[in-house]
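Under our numbering, the residues of the sequence shown are numbered 60 to 311, in order. C-beta atoms are modelled at their ideal positions from N, C-alpha and C, and glycine is treated no differently. Source: prediction; values computed, not measured.
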Amino acid sequence: MNIEKRLQAAIQSYWDARRKNKEKQVQSGKIDAGTRGEVTGGTQMGALEVLVSDILCEAGLKKLDVRTRTALELPGYFRATKKWDLIVVSNGALVLAMEFKSQAGKSIGNNVNNRSEEAVGSAKDIWTAFREGRFGPSPPPFLGYLFLLEDRDNVKTPVGNKEPFFQVDPEFRGEALKKKGAPRYRGVSYSKRYELLCRRLVLERLYTSACFLMATNAARTTITQPAQDLTFQRFVAALQGHVVTFLRSQSK
């Protein structure tokens, strides 16, 4: 499998799907606010889900065990269930669960905190359910998080932080501004914030591995991977390693 070529095609499919959804909204006379019309007509991450599914099957998993459309609910602890984007259940064991998330359009800042809270909460929920024995006596599953951000100017511009009482984490401060009085900082861009989110999700062992991608919304999309520790290639290697370990444990 040519993973680089498949990744390019999958992300191109994401943009094509968004455009088609928006066109359907316009044709039907139901136009959602902002970019909402691009995302309310169906799944845009489907091609990426299929790519990961194919990678898992190539690593040795049975196709019937890899789910991307139906029966995606897994028990939680703080809530009854959560619907994941891709799961693998083999021989009664939860092998892995994945989230595929994206952000596009002008209003990037509106959803950064929501995405962060969602990612942390979902991981905490499923790991607590695992601790409580909701998945039986199986080994810990692989939790994966893939985030795709539209590559545009507004996501690469520093954004200041409001700090009325306490300073934010140094990683979010950015460069110091040369002004008199108390030190002030420029802040970091939304793309950097998402990069930090993905890295820290793994650092804090909330997710086994994470991937952060940026891509232009164009007829031929250009993909960039800002962080070497969050590339799709490293993410795939971690996935494959987990599958190999699981299959070996099943053959004993």
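Per DSSP, the beta-bridge partners of Gly-203 are Met-157 and Ser-268. Closest by C-alpha distance to Val-302, out of Leu-131, Thr-129 and Ser-149, is Ser-149.
Nearest neighbour of Arg-307 by Cα position, chosen from Leu-66, Asp-75 and Ala-118, turns out to be Ala-118. Taking a contact to require three or more Cβ pairs closer than 8 angstroms, the segment 198-217 and the segment 139-158 qualify as touching.
From the listed residues Gln-284, Arg-193 and Phe-225, the smallest Cα separation to Gly-135 is found for Arg-193.
Three or more beta-carbon pairs separated by less than 8 angstroms are not found between the segment 174-193 and the segment 211-226, which leaves the two stretches without contact. With the rule of 3 Cβ pairs closer than 8 angstroms, the segment 120-131 does not count as touching the segment 60-78. Remark: C-beta atoms of Ala-178 and Leu-260 approach each other more closely than 8 angstroms. Around the Cβ of Ala-277, a 10 Å sphere holds fewer than 16 other Cβ atoms; the residue is exposed. Separation of the CB atoms of Arg-245 and Pro-217 is rounded to 5 angstroms, and the pair is thereby assigned contact status at 8 angstroms.
The Cβ atoms of Glu-254 and Phe-271 lie closer than 8 angstroms to each other.
In this structure, Ser-250 is the residue among Phe-137, Ser-250, Gly-195 and Gly-233 with its C-alpha nearest to the C-alpha of Gly-168. Rounded to the nearest angstrom, the Cβ distance from Thr-267 to Ala-297 is 6 angstroms, consistent with a contact under 8 angstroms. CA-to-CA, the gap between Thr-129 and Leu-153 works out to about 16 angstroms. By the Cβ-count criterion, Asn-80 is buried, with 16 or more other Cβ atoms from all chains shown falling within 10 Å of its own Cβ. In the structure shown, Arg-232 falls within a coil segment according to DSSP collapsed to helix, strand and coil. DSSP places Val-227 in the coil class of the three-state scheme, outside both helix and strand. Taking 8 angstroms as the cut-off, the Cβ atoms of Leu-115 and Val-147 count as close. Non-local C-beta neighbours of Leu-110 in its own chain, meaning closer than 7 angstroms and more than five positions away in sequence, comprise Arg-65, Leu-66 and Ala-69, ordered along the chain. Excluding sequence positions up to five before and after Thr-281, its CB lies within less than 6 angstroms of the CB of Thr-275, all in the same chain and listed in chain order. In this model, Val-214 and Ile-62 are separated by some 27 angstroms (Cα to Cα).
In the DSSP assignment, Lys-142 falls within the unbroken beta strand (DSSP E) covering 140-142. The beta carbon of Val-295 lies closer than 7 angstroms to those of Ile-62 and Ile-114 in the same chain, with the five residues before and after it left out.
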